[in-house]
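Asks:
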Amino acid sequence: MNRKFIYIVLALFLLPIVLRLAWYFPGFDLPRKIATPDYANFKMPEAPISTPQPEGIKQKDGVVLLDYSHSNQFKPSEFQVMADALTRRGARVETNSDATQLESQLKYASSYVVISPSANFTADEIRLILDFERRGGRLAFFTDATRGLLYTDYASGSPAVLPDTDIVNPLLESFNISFNDDYLYNLTDNEGNFRNVFFEQFGKSDLTWGLKKVTLYGAHSVKTDSGLALLIGGDKTLSSGTDATPGNDPKQGWAASALSADGNVLAVGDFTFMQTPYNTVADNDTLINNIADFLVSDTRQITLSDFPFIFKGSTASILPTSNVQMTAEMTGALSRLQTELKTLNVDMKISETASSGDMIVLGTFSPSDDLTKYTDAFNLKLDDTSEFVEVPQFGKLGRAGNGIILFSAGKNGNTIVLLADTETDLTTLMDTLSSGDLSGCVLQNDIGVCSIGSGGSFSTTPASPTPVESETPAPTPLG
Amino acid sequence: MKFFEMTPEERNRFLWWAIPALMLGILISLLIQKPVIGVIRLNDAINAYTAKDLISQITYAREHPEIRAVVLILDSPGGTVVDTEAVYMELSRLRQTKPVVTWVSGMAASGAYYLSSGTDYVVAVPSSEVGNVGVIGYLPASPFVFEDIISTGPYKLWGSPRDTTVREIEMLKQGFYQAVKLGRGNRLQVGPDVLLRGQIWPGSEALRLGLIDQLGSETDAYNQAAGMVHIWNYDIKDLYNVAVVLPSTTYASGFFLQTKDGMTLPYPSRPGLYMLYIPQLPAGQK
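From first to last, the protein sequence lines stand for chains A and B. In terms of our numbering, the first sequence opens at residue -16 and continues consecutively. In terms of our numbering, the second sequence opens at residue 2 and continues consecutively.
1) Enumerate in chain order the residues of its own chain whose CB-to-CB distance from Lys187 of chain A is below 8 Å, with the five nearest sequence positions on each side excluded.
2) Output needed in chain order: residues of the segment 57 to 76 of chain A with a Cβ under 9 Å from some Cβ in chain B.
3) Give the straight-line distance between the Cα atoms of Phe441 of chain A and Asn273 of chain A, rounded to the nearest whole angstrom.
4) In chain order, what residues of the same chain have a beta carbon less than 7 Å from the beta carbon of Ala241 of chain A, not counting five sequence neighbours either side?
5) Could you tell me whether any Cβ in chain A is nearer than 8 Å to the Cβ of Pro36 of chain B?
6) In three-state DSSP terms, what is Leu(-2) of chain A?
7) Look up Leu32 of chain B in the DSSP assignment and say whether it is helix, strand or coil.
8) For the candidate residues B:Pro203, B:Asp239, B:Lys174, whose alpha-carbon lies nearest to that of Pro28 of chain A?
9) Give the interface partners of Gly175 of chain A over in chain B, defined as CB-CB distance under 9 Å, in chain order.
10) Could you check whether the segment 308 to 326 of chain A touches the segment 72 to 89 of chain A, counting it as contact only if at least three pairs of C-beta atoms, one from each stretch, sit closer than 8 Å?
11) Look up Phe185 of chain A in the DSSP assignment and give the residues it is bridged to.
12) If we define contact as Cβ-Cβ less than 8 Å, is Thr60 of chain B a contact residue for chain A?
13) What are the residues in the segment 323 to 334 of chain A lying within 7 Å of chain B by C-beta distance?
14) Of all the CB atoms in chain B, is at least one closer than 8 Å to the CB of Val(-8) of chain A?
15) Based on Cα-Cα distance, which residue from A:Phe185, A:Val329, A:Ala66, A:Trp6 lies nearest to Pro291 of chain A?
16) Looking at Tyr61 of chain B: is its Cβ nearer than 8 Å to the Cβ of Val243 of chain B?
17) Does Ala19 of chain B get closer than 8 Å to chain A when you measure Cβ to Cβ?
18) Look at the alpha carbon of Gly439 of chain A and the alpha carbon of Ala383 of chain A, and state the distance between them as a whole number of angstroms.
19) Look at the alpha carbon of Ala238 of chain A and the alpha carbon of Asp21 of chain A, and state the distance between them as a whole number of angstroms.
20) When we look at the beta-carbon of Ala446 of chain A and count the other beta-carbons within 10 Å, is it buried (16 or more) or exposed?
21) Under the assumption that Arg178 of chain A contacts Phe254 of chain A (Cβ atoms under 8 Å), give the Cβ distance between them as a whole number of angstroms.
22) Where does Lys364 of chain A fall in DSSP's three states?
23) For Pro229 of chain A, decide whether its Cβ has a neighbour in chain B, counting only Cβ atoms nearer than 8 Å.
24) Going by DSSP in three states, Gly439 of chain A sits in which element: helix, strand or coil?
25) Going straight from the alpha carbon of Ser434 of chain A to that of Thr410 of chain A, what length do you get?
26) How long is the line joining the alpha carbons of Glu1 of chain B and Val246 of chain B, rounded to whole angstroms?
27) Can you name, in chain order, every residue of its own chain whose Cβ lies under 8 Å from the Cβ of Lys332 of chain A, other than the five neighbours on each side?
28) Could you tell me which chain B residues have their CB closer than 7 Å to the CB of Phe8 of chain A, listed as they occur along the chain?
29) Identify whether Asn224 of chain B lies in helix, strand or coil by the three-state DSSP scheme.
30) Looking at chain A, is there any beta carbon in it that lies within less than 8 Å of the beta carbon of Leu270 of chain B?
31) Using a Cβ cut-off of 8 Å (strictly closer), state whether Pro267 of chain B contacts chain A.
32) Quick one, which of B:Glu6, B:Thr8, B:Ala22, B:Met7 has its alpha-carbon nearest Tyr(-10) of chain A's?
33) Quick one: measure Cβ to Cβ for Arg283 of chain A and Gly120 of chain A, integer angstroms, because I've assumed they're closer than 8 Å.
34) Using DSSP with H/G/I as helix, E/B as strand and the rest coil, what is Leu197 of chain B?
35) May I ask you to report which of helix, strand or coil DSSP gives Gln1 of chain B?
36) Mind checking whether Thr126 of chain A and Thr148 of chain A have CB atoms under 8 Å apart?
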């Protein structure tokens, strides 16, 4: 009785406790361990080590013309790495910051480089650039997805970006190359950030020689139908435009650079890789050097239309032939020519014999032995008895009032031959040359014909002046 | 029934013991507190002030046994990396003893999703915005020297090289991804190639991708939390009212940029690294 009594009392004591526990807590969980990220072992991704540069850079002089007249979205200092690579090759970088000077600067440039422009090229500029390329000049276009021009859309008031691709694509149209208004990214295998993309597939070209891995930083993709894709992304490299591989084919990679079918036009969808410190990552420096080689390896032949930038060296020899005497008029014309050549950093020296460098040969339409070797190559028929000079491609030209310019390119130097009926006409022709502008002349390949007088100067008598016998010293024949 | 066959004397003696025992049992049972589901709300960006408040509430929940589970109600675009991680680690500590269920009432983007991925169960409204996994930050300026500011090292003034900051962001992203991967486990239906795009998804899509567990209401979240700790007949307590003595969030107005006319922009006012969703401004606002 007592024990039962105790059990009942105990049960009554516990009953409300158990009931309340049961009311609230039908079950219990034991403490558990919660996994959290292993923060201590996270490391910052490191850039792949740069590959050493091959030695033995080929020296090749030339001028690389850098566009800076289209509100280009870069600082000249950002081109310094490339400029250094060009300087090591003996080339010089010149900036075009005045579009009106483009025509004259393209006359002597080896290549023309455009980086992230944000102002349109005019039709005239496009014509000049395409003509430059047609003559063998090299073009390089760099766009960059991080360099678009930020502006406010007036209709919506929202910020918007004018992509540099819109400006460059019209220039690339005739080469079947175009940039996409996108950027490439890779979420899984990248250089520190999803938009820093590795490229490990390369089109076969001198531009990709020695490359195993290149990193581009926010690159536009490039499309080309007839050209060669140079840098091709892997199957995890996607375009921001589609978030996919091109054509949704995982085996086909996006290209970030392309070369035109004729090998003269390079398009690269990134510019950042050329800047410090990104130039030292992976094989970027090799790519920069390959591009520098490309920029100085133009196949452009200098023609008369490139005047006045037609000399190769820093000195041009003036060679008057035997029919030309140093009259006061001639001296004046030579001094003006000297002044003009000075502006081109070309020194002028008067020479009695032919030299192997750049030369300006002065002569008249009267045939002479020392002139023949320069005119024969052009099949020019000089005849004192005729009032015409037969010029191939031009036909018969009246002697009076016409001047002829012949241009021949040589291995060591280029030669210009100036011919006119009389010494007076010749000095006028020299002045035309000194003006630096042959727009008043008809240029056809390597022959130019300039109107330098009214035509009244022609006579059937020999054009060469008869030496005057006098006490005063006669002008010394120089030829 | 011998009990009822007790003599009056025995019955009296029994009742003399039984009634006090029952009363005592009732009194002691009253000491067993009614279980509570604590509610922590985040309706703002995660910054130093909101993080402090959140941590106060999490600590309160951890230290009070009557709080059996916590429901984290989120409507936040995320915030600074450091504050997000601080709250996340406190949440992880709380989860060792008490389950935490998230209810996404509006937005759990970036850092806010970081927090929700570190909870046991995520419920979201179908049209809520979920995801935006990733880190965003302003790069420091390229270092240069001032004539009138003297410092003892090239990065004393700038913090770190620009390139290092890029890589640091990548490292922080790894932490974020790991947190999601660990938190969601095999419930996550997508890999890093999708998750790390930084996309923000509606709740219904987030469910398909395994970023959340259920589409539902606030009540569903409470029920889920109660089910996880096997409690019935619980109370719901907003922990802000009990844990936050001084409401510091009132001082947090400087987190976002403000225009001269007082409009708050979605951009943080200070440079730094953020797990923050910054939506495109509506037309006409800049």
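Even for Gly, the Cβ is constructed at its ideal location relative to N, Cα and C.
Replies: Quick answer:
1) Numbered from 1 along the first sequence, position 204 holds the residue referred to as residue 187 of chain A. Leu211, listed in sequence order.
2) none
3) Counted from its first residue, the first sequence places residue 441 of chain A at position 458. Counted from its first residue, the first sequence places residue 273 of chain A at position 290. Unreliable placement is indicated for Phe441 of chain A, whose pLDDT of 48 sits below 50; the coordinate value is still reported in the next sentence. Each residue's alpha carbon lies about 57 Å from the other.
4) As a first step, residue 241 of chain A is located in the first sequence; it is residue number 258 there, counting from the start. Ile160, Val205, Thr207, Gly210, Leu211, Ala212, Leu213, Ala250, listed in sequence order.
5) Counted from its first residue, the second sequence places residue 36 of chain B at position 35. So, interface residue.
6) On the first sequence, position 15 is the one that residue -2 of chain A refers to. Three-state result, Leu(-2) of chain A: helix.
7) Start at 1 with the first residue of the second sequence, and residue 32 of chain B comes out as number 31. Helix.
8) Residue 28 of chain A sits at position 45 when you count from the first residue of the first sequence. The shortest C-alpha separation from Pro28 of chain A is found at B:Lys174.
9) Locating residue 175 of chain A in the first sequence gives position 192, where the first residue counts as 1. Chain-order list of chain B residues neighbouring Gly175 of chain A: Asp164, Val167, Arg168, Ile170, Glu171, by C-beta distance under 9 Å.
10) Segment contact: the segment 308 to 326 of chain A against the segment 72 to 89 of chain A, fewer than three CB-CB distances shorter than 8 Å; contact not assigned.
11) Here residue 185 of chain A refers to the residue found at position 202 of the first sequence. Partner(s): A:Leu214.
12) Position 59 of the second sequence, counted from the start, is the residue given in the question as residue 60 of chain B. Not an interface residue.
13) Those residues of the segment 323 to 334 of chain A that come within reach of chain B (Cβ to Cβ, closer than 7 Å) do not exist; the list is empty.
14) In the first sequence, counting from the first residue as 1, residue -8 of chain A sits at position 9. So, interface residue.
15) If you number the first sequence from 1, residue 291 of chain A lands on position 308. The option with the nearest alpha carbon to Pro291 of chain A is A:Val329.
16) Working through the second sequence from its first residue, we reach residue 61 of chain B at position 60. Working through the second sequence from its first residue, we reach residue 243 of chain B at position 242. In terms of Cβ geometry, Tyr61 of chain B and Val243 of chain B form a close pair [threshold 8 Å].
17) By one-based count along the second sequence, residue 19 of chain B stands at place 18. Closer than 8 Å: yes.
18) Here residue 439 of chain A refers to the residue found at position 456 when the first sequence is read from its first residue. Here residue 383 of chain A refers to the residue found at position 400 when the first sequence is read from its first residue. Residue placement at Gly439 of chain A is flagged as unreliable, the pLDDT there being 49, under the threshold of 50; a coordinate-derived value is accordingly withheld.
19) Within the first sequence, numbered from 1, the residue matching residue 238 of chain A stands at position 255. Within the first sequence, numbered from 1, the residue matching residue 21 of chain A stands at position 38. For Ala238 of chain A and Asp21 of chain A, the distance between alpha carbons rounds to 37 Å.
20) By one-based count along the first sequence, residue 446 of chain A stands at place 463. Per-residue confidence for Ala446 of chain A stands at a pLDDT of 44, beneath the threshold of 50, marking its modelled position as unreliable; the derived number appears in the next sentence. Its Cβ being crowded by 16 or more others within 10 Å, Ala446 of chain A is buried.
21) One-based indexing of the first sequence puts residue 178 of chain A at position 195. One-based indexing of the first sequence puts residue 254 of chain A at position 271. 14 Å between Cβ atoms; not a contact.
22) Locating residue 364 of chain A in the first sequence gives position 381, where the first residue counts as 1. Strand.
23) Here residue 229 of chain A refers to the residue found at position 246 of the first sequence. No, Pro229 of chain A lies away from the interface with chain B (no Cβ there is under 8 Å from its Cβ).
24) Against the first sequence, residue 439 of chain A aligns to sequence position 456. At Gly439 of chain A the pLDDT is 49, less than 50, meaning the model places this residue with poor confidence and gives no usable figure here.
25) The sequence position of residue 434 of chain A within the first sequence is 451, counting from 1. The sequence position of residue 410 of chain A within the first sequence is 427, counting from 1. If you draw a straight line from the Cα of Ser434 of chain A to the Cα of Thr410 of chain A, it is about 13 Å long.
26) This structure leaves residue 1 of chain B out entirely; chain B is present only between 2 and 287.
27) For this step, residue 332 of chain A is matched to residue 349 along the first sequence. If we look at Lys332 of chain A and ignore the five residues flanking it on each side, its Cβ neighbours are Thr298, Ala299, Ser300, Ile301.
28) Residue 8 of chain A sits at position 25 when you count from the first residue of the first sequence. Within chain B, the residues near Phe8 of chain A are Pro36, His231, Ile232.
29) Locating residue 224 of chain B in the second sequence gives position 223, where the first residue counts as 1. Reduced to three states, the DSSP call for Asn224 of chain B is helix.
30) Position 269 of the second sequence, counted from the start, is the residue given in the question as residue 270 of chain B. It should be pointed out that residue 270 of chain B corresponds to Ser in this sequence rather than to Leu. Residue-level contact by beta carbon fails for Ser270 of chain B and chain A, as no gap is shorter than 8 Å.
31) Against the second sequence, residue 267 of chain B aligns to sequence position 266. Not an interface residue.
32) Position 7 of the first sequence, counted from the first residue, corresponds to residue -10 of chain A. Nearest option by C-alpha distance: B:Ala22.
33) Counted from its first residue, the first sequence places residue 283 of chain A at position 300. Counted from its first residue, the first sequence places residue 120 of chain A at position 137. Rounded, the Cβ-Cβ distance is 5 Å, consistent with contact.
34) Position 196 of the second sequence, counted from the start, is the residue given in the question as residue 197 of chain B. Collapsing the DSSP output to three states places Leu197 of chain B in coil.
35) In the structure displayed, chain B extends from 2 to 287; residue 1 of chain B sits before or after that span and is not available.
36) Counted from its first residue, the first sequence places residue 126 of chain A at position 143. Counted from its first residue, the first sequence places residue 148 of chain A at position 165. Yes, the Cβ-Cβ distance between Thr126 of chain A and Thr148 of chain A is below 8 Å.
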